[in-house]
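These notes are about the structure you will find just below.
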Amino acid sequence: MAMRCIEERLQLTLAHSYHVTHFRVKGSIQRMKERLMGIKTHFPNFKEMMRKDNTLERIRSSTVSEPSHLPEVLLTKKQVSAKGRCLIEEIASSEVQVEAKTPAYELKVVKDQNEKPLKIELKVELPGIKAVSLCELSVSEVDLLIEVSEMYRLCLNLPESINTEMTTAKFIKNKSILIITMPLA
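Right under this line is the structure:
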């Protein structure tokens, strides 16, 4: 529920697959709280220090006033790397970011004879998907997220609270349909 609240308030999407890490906090807890809360630490003498020691401005004025005194650097062949290639290589992305589509789906609440809800069934059509390994399914008590290899994305708030441990999913390969059965809590 906390993740859903963050998504709604900040209007962003969070991945619902997470794990809790165990690590020691380094530094003071007070400084960590200040950084997380966005509290800025004030340096009272910062402006005075910048006025007194304005090194960048002195360098800029000296190079502008005396352009003939600029140092020259000559590279000889011995100084050039023998490998002849850069440490960091830029690779142009040939992929175009495509927004994931919302797949066609059918959500129904199955009830017993007394009209008491028993379970929620979700049927999602995923044309073009031939393997369940491409699907990422995340189910919480109140919502569901399906992401399929940058092609499809479905985020639903469930009408009832469900039992996540009893939830099952079945993928029908020849029809490319994912059926999710979620018993109510």
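Here the sequence shown is numbered in UniProt numbering, starting from 1 and rising by one per residue. Glycine is no exception: its CB is placed at the ideal position from the N, C-alpha and C atoms.
Pick helix, strand or coil for isoleucine 129, following the three-state DSSP scheme. coil
Just reading off the beta strand (DSSP E) that lysine 173 is part of, what are its end residues? Unbroken run through lysine 173: none, as it is neither H nor E.
At the level of alpha carbons, what is the spacing between leucine 184 and leucine 144? Approximately 14 angstroms between the Cα atoms of the pair.
Within this structure, are the beta carbons of glutamate 106 and isoleucine 180 separated by less than 9 angstroms? Isoleucine 180 sits away from glutamate 106, with the two beta carbons spaced by 9 angstroms or more.
N-terminal and C-terminal residue of the alpha helix (DSSP H) that leucine 12 is part of: Here leucine 12 belongs to no alpha helix (DSSP H), and DSSP marks it neither H nor E.
Specify, as a first and last residue, the run of the alpha helix (DSSP H) that glutamate 106 falls within. Counting along the chain, glutamate 106 falls outside any alpha helix (DSSP H), though it belongs to the beta strand (DSSP E) covering 105 to 111.
Enumerate in chain order the residues of its own chain whose CB-to-CB distance from lysine 104 is below 8 angstroms, with the five nearest sequence positions on each side excluded. Correcting the residue identity first, residue 104 is alanine in this sequence and not lysine. Hits under 8 angstroms: Val124 and Glu125.
Span separating the alpha-carbon of leucine 156 from that of glutamine 30: About 38 angstroms.
Between leucine 12 and the rest of its own chain, which residues show a CB-CB distance below 8 angstroms, the 5 nearest in sequence each way excluded? If we look at leucine 12 and ignore the five residues flanking it on each side, its Cβ neighbours are Ile6.
Output the distance between the C-alpha atoms of leucine 154 and valine 148, rounded to the nearest integer angstrom. 9 angstroms
Taking the C-alpha atoms as reference points, what is the distance between methionine 1 and glycine 38? 23 angstroms
Pull up the CB-CB distance for alanine 169 and leucine 137, whole angstroms please, since I reckon it's below 8 angstroms. 6 angstroms
Look up glutamate 165 in the DSSP assignment and say whether it is helix, strand or coil. helix
Three-state secondary structure assigned by DSSP to lysine 123: Strand at lysine 123.
How long is the line joining the alpha carbons of valine 142 and valine 109, rounded to whole angstroms? Looking at the backbone, the Cα of valine 142 and that of valine 109 are separated by about 14 angstroms.
Using only the alpha-carbon positions, how far apart do serine 140 and arginine 24 sit? 29 angstroms
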